[in-house]
Amino acid sequence: MLNLPPRISSRLNSSQFANLHTFLVAARHLSFARAAQELCLTASAVSHRISRLETALAMKLFQRLTRQVSLTDEGERIFEILQNTMGELSEALEQSSQAEIAGSIALYVRPSIAQCWLVPRLADFIERYPLVSLDLRTGNDNVDFRTRKIDLALYYANGEFPGLTSYRFMRERLAPVCSPDYARRHQLEENPDNLRYCTTLHDSLAWDHAAYDAEWTLWAEQHNLLAALPKRSLTFDRSDLSVTAAMNHAGIAIGRQQLVQKRVDCGELVLPFAGFSRSGHYDYYLVHPPLGTVPKRLLVFMNWLRECARQSSPWMRTTVNPKALHDLSTS
83 MLNLPPRISS RLNSSQFANL HTFLVAARHL SFARAAQELC LTASAVSHRI SRLETALAMK
143 LFQRLTRQVS LTDEGERIFE ILQNTMGELS EALEQSSQAE IAGSIALYVR PSIAQCWLVP
203 RLADFIERYP LVSLDLRTGN DNVDFRTRKI DLALYYANGE FPGLTSYRFM RERLAPVCSP
263 DYARRHQLEE NPDNLRYCTT LHDSLAWDHA AYDAEWTLWA EQHNLLAALP KRSLTFDRSD
323 LSVTAAMNHA GIAIGRQQLV QKRVDCGELV LPFAGFSRSG HYDYYLVHPP LGTVPKRLLV
383 FMNWLRECAR QSSPWMRTTV NPKALHDLST S
């Protein structure tokens with residue numbers, strides 16, 4: 083409610099709302115021309131609206147100067163009242179919107195994506211939606227939504243979820259990664275055939291029912307390099323552990339771009355053979371039980387995840403070493 087003096091508020095009616103808004107924008111810019119641009123009007127239309135408001139209030143709000151305008155004392159006063167009122171209204175609307183989504187979300191996530199992708203981004207969600215609580219749990223098995231009372235799961239999978247509702251929200255790409263020191267010691271860029279003398283690092287639970295070497299096999303098949311894979315290997319039950327081992331010179335891991343791109347950008351990891359390539363049908367999915375009406379807080383969280391995915395998936399930096407791939411496939 084506008085906290086205007088009675089002698090002013092008595093002269094206003096609903097027909098003046100558009101004029102008040104025009105005044106607010108013009109006063110903020112101190113320019114009818116810039117206000118016209120923001121409001122998609124002509125400068126003349128802005129001037130007419132201000133004049134109608136001044137007539138209704140029986141007071142002058144602007145001093146019209148050559149090529150510019152300035153607020154009168156009464157204009158300054160009205161502008162301050164409108165700014166405070168709009169701020170209070172905006173805050174009230176925000177509180178009402180937040181109250182609609184207040185509550186808790188029980189979230190089940192694969193450990194590697196929780197550690198490397200989701201958790202580093204949660205501060206943004208908490209700041210935007212302070213009344214939504216997250217109960218984050220991790221695991222490598224597909225969760226039983228009914229017995230575990232989970233609202234939403236985030237899986238790295240092929241998209242087959244019988245009896246459940248799923249959405250692919252982020253694609254993934256794969257590439258071998260290792261530390262710069264490991265690549266130098268094994269001369270991998272100069273002689274890619276040296277891969278066969280290296281140690282491969284595996285996420286043995288890359289997805290549900292995956293073989294221990296599933297991601298390495300998938301990548302090698304795509305590039306016709308199965309014969310070049312070494313026999314020596316180390317296996318882990320999490321992708322981020324295999325990548326950590328690679329960063330510490332233990333061997334070469336299959337890196338998922340969504341999880342390792344920052345490590346590549348800062349030089350902790352290198353791609354000795356080729357850039358990231360599509361991982362077949364394995365991507366990131368949001369999964370939940372069939373619901374008649376999806377709770378608003380769940381929709382808000384899923385939309386936020388999609389926004390994060392768009393920001394992290396431009397695929398703008400894909401460094402390819404085609405000679406290395408050719409040398410490996412023909413050696």
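Residue numbers for the sequence shown follow our numbering, so the first one is 83 and each next one is one higher.
Glycine included, every Cβ here is placed at the ideal spot set by N, Cα and C.
Values in this document were obtained by computation on a predicted structure and should not be read as measured data.
Check: Do Pro372 and Pro258 come within 8 Å of each other at the CB atom, strictly closer than that value?; Outcome: no
Check: What residues match up with Gln433 in a beta bridge as DSSP calls it?; Outcome: The structure shown does not extend to residue 433, since the chain is modelled only from 83 through 413, so no value can be given for it.
Check: Using the C-alpha atoms, what's the distance from Gln343 back to Thr400?; Outcome: The predicted model places Thr400 with a pLDDT of 35, which falls under 50 and marks its position as unreliable, so this point remains unresolved.
Check: Where does Pro274 fall in DSSP's three states?; Outcome: helix
Check: Kindly provide the ranges of any beta strand (DSSP E) runs that are 3 or more residues long and lie completely inside the stretch 323-359, ordered along the chain.; Outcome: 334-338
Check: Expressed to the nearest angstrom, what Euclidean distance is found between the alpha-carbon atoms of Gln165 and Ser186?; Outcome: 35 Å
Check: Let's see if you can read the secondary structure: which residues bound the beta strand (DSSP E) around Tyr367?; Outcome: 365-370
Check: Output the distance between the C-alpha atoms of Leu351 and Glu162, rounded to the nearest integer angstrom.; Outcome: 55 Å
Check: CB of Leu106 to nearest heavy atom of the ligand FAD: below 7 Å?; Outcome: Ligands in the displayed structure: none, and consequently the ligand FAD is not present.
Check: Run through the DSSP bridge pairs and tell me what Arg110 is partnered with.; Outcome: In DSSP, Arg110 forms no bridge with anything.
Check: Do you know whose CA, among Lys142, Gly221, Leu121, His103, lies nearest Arg156's CA?; Outcome: The question names Arg, but residue 156 is Glu in the sequence shown. The candidate whose alpha carbon is nearest that of Glu156 is Lys142.
Check: Would DSSP call Leu256 helix, strand or coil?; Outcome: strand
Check: Suppose you measure from the CA of Leu160 to the CA of Leu123; what does that come to, to the nearest Å?; Outcome: The residue you asked about is not Leu; residue 160 is Ile in the sequence shown. Their Cα atoms are separated by approximately 22 Å.
Check: For a test of the three-state rule: what should DSSP assign to Ala100, helix, strand or coil?; Outcome: helix
Check: If you draw a straight line from the C-alpha of Leu147 to the C-alpha of Asn385, how long is it?; Outcome: 48 Å
Check: Check Leu316 in the structure and name its three-state DSSP category.; Outcome: strand
Check: Taking contact to mean at least 3 C-beta pairs separated by less than 8 Å, is the stretch 255-274 in contact with the stretch 323-338?; Outcome: yes
Check: Would you kindly check if the distance between the Cβ of Thr281 and the Cβ of Arg316 is under 8 Å?; Outcome: First, the amino acid is wrong: residue 316 is Leu here, not Arg. Contact flag set, yes.
Check: With 16 other CB atoms within 10 Å as the buried threshold, where does Val376 fall?; Outcome: exposed
Check: Is there a Cβ of chain D sitting closer than 8 Å to that of Tyr366, yes or no?; Outcome: This model lacks chain D altogether, as it is built from one protein chain only.
Check: Do the CB positions of Asp217 and Leu189 come within less than 8 Å of each other?; Outcome: yes
Check: For Arg134, which residues from the same chain have a beta carbon less than 7 Å from its beta carbon, with the 5 sequence-adjacent residues on both sides left out?; Outcome: Asn101
Check: Between which two residues does the alpha helix (DSSP H) carrying Leu381 extend?; Outcome: 378-394
Check: List the whole-angstrom C-beta distance separating Asn273 from Tyr364, where the pair is believed to meet the contact cut-off of C-beta under 8 Å.; Outcome: Asn273 to Tyr364, Cβ: 30 Å. No contact.
Check: For Ser286, name the three-state secondary structure that DSSP assigns.; Outcome: coil
Check: When the Cα of His305 is compared with those of Asp285, Glu182, Ala138, Ala356, which residue comes out closest?; Outcome: Ala356
Check: Would Ser194 be called buried (16 or more neighbouring beta carbons within 10 Å of its own) or exposed?; Outcome: buried
Check: Return the residue from the list Ala391, Gln393, Leu381 that minimises the CA-CA distance to Leu234.; Outcome: Leu381
Check: Among Thr299, Ser261, Asp226, Arg392, which residue has its Cα nearest to the Cα of Asn330?; Outcome: Ser261
Check: If distances are taken between C-alpha atoms only, which option among Ala127, Arg192, Glu136, Gln269 comes closest to Val369?; Outcome: Arg192
Check: Is it buried or exposed, Tyr238, if we count other Cβ atoms within 10 angstroms and call 16 or more buried?; Outcome: buried
Check: I'd like to confirm the pairing. Which residues does DSSP put opposite Asp217 in its beta bridges?; Outcome: Ala188
Check: Distance, Cα to Cα, Asp263 vs Gln197?; Outcome: 25 Å
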